[in-house]
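Residue numbers (full-length UniProt numbering): 1 to 153.
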């Protein structure tokens, strides 16, 4: 790819496609998010931003999967603070495109919280198909946020 254009929506789609072509067996998930394990005062998984079924341009999913070496299949993948920091750094150029960047904001907040409270852990949840079995409590909690969808736990 000659020149990466992070400044337009079309450029971001081209970057997504380029990165996806480098992941063997890549499958764009229908939904994904970064989750933060429960704090002692709350039993709920926290998701700063959930990419609900078939929304967004999918670039953040490819960036996250690239860092994790994941193929986009339904899974809950443990995520270190170093990996999330790498994903944030890799996605930051997308800020050149006007508009909101909710994944970046959510990932930065999760990273700050995980770094300040080592008892909390991070996961990346990918759902390739809504019919796939729930892969973890975090996955079930994420899917429960989808309008009109009640996952079987």
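All C-beta atoms in this analysis are idealised placements derived from N, C-alpha and C, irrespective of residue type, glycine included.
Note down the Cα distance separating residue i from residue j, rounded to an integer number of angstroms.
i, j, result
"residue 57", "residue 113", "26 angstroms"
"residue 123", "residue 3", "32 angstroms"
"residue 1", "residue 59", "For residue 1, the predicted structure reports a pLDDT of 46, less than 50, and the residue's modelled location is therefore unreliable. A value from the coordinates is still provided. Each residue's alpha carbon lies about 16 angstroms from the other."
"residue 15", "residue 96", "13 angstroms"
"residue 45", "residue 38", "5 angstroms"
"residue 223", "residue 42", "What the structure shows of the chain is the stretch from 1 to 153, and residue 223 is not part of that stretch, so it cannot be assessed."
"residue 26", "residue 54", "16 angstroms"
"residue 84", "residue 28", "19 angstroms"
"residue 99", "residue 9", "10 angstroms"
"residue 90", "residue 64", "9 angstroms"
"residue 115", "residue 40", "16 angstroms"
"residue 24", "residue 67", "14 angstroms"
"residue 71", "residue 102", "22 angstroms"
"residue 140", "residue 6", "33 angstroms"
"residue 131", "residue 30", "11 angstroms"
"residue 11", "residue 50", "23 angstroms"
"residue 133", "residue 69", "21 angstroms"
"residue 22", "residue 135", "25 angstroms"
"residue 92", "residue 17", "17 angstroms"
Name the residue from the options whose alpha carbon lies nearest to the alpha carbon of residue i.
i, options, result
"residue 137", "25, 6 and 47", "47"
"residue 120", "128, 110, 127 and 129", "110"
"residue 128", "74, 11 and 101", "74"
"residue 87", "30, 130, 19 and 132", "19"
"residue 52", "125, 12 and 11", "125"
If I follow the unbroken beta strand (DSSP E) through residue i, where does it start and stop?
i, result
"residue 125", "122-127"
Considering just the uninterrupted stretch of the alpha helix (DSSP H) at residue i, what are its terminal residues?
i, result
"residue 107", "102-116"
"residue 11", "9-20"
The region 28-41 touching the region 69-83, judged by at least three CB pairs closer than 8 angstroms: yes
Continuous beta strand (DSSP E) assignments of at least 3 residues falling wholly in the region 32-82: 75-79
Stretch pair the region 91-110 + the region 135-147: three plus CB contacts closer than 8 angstroms: no
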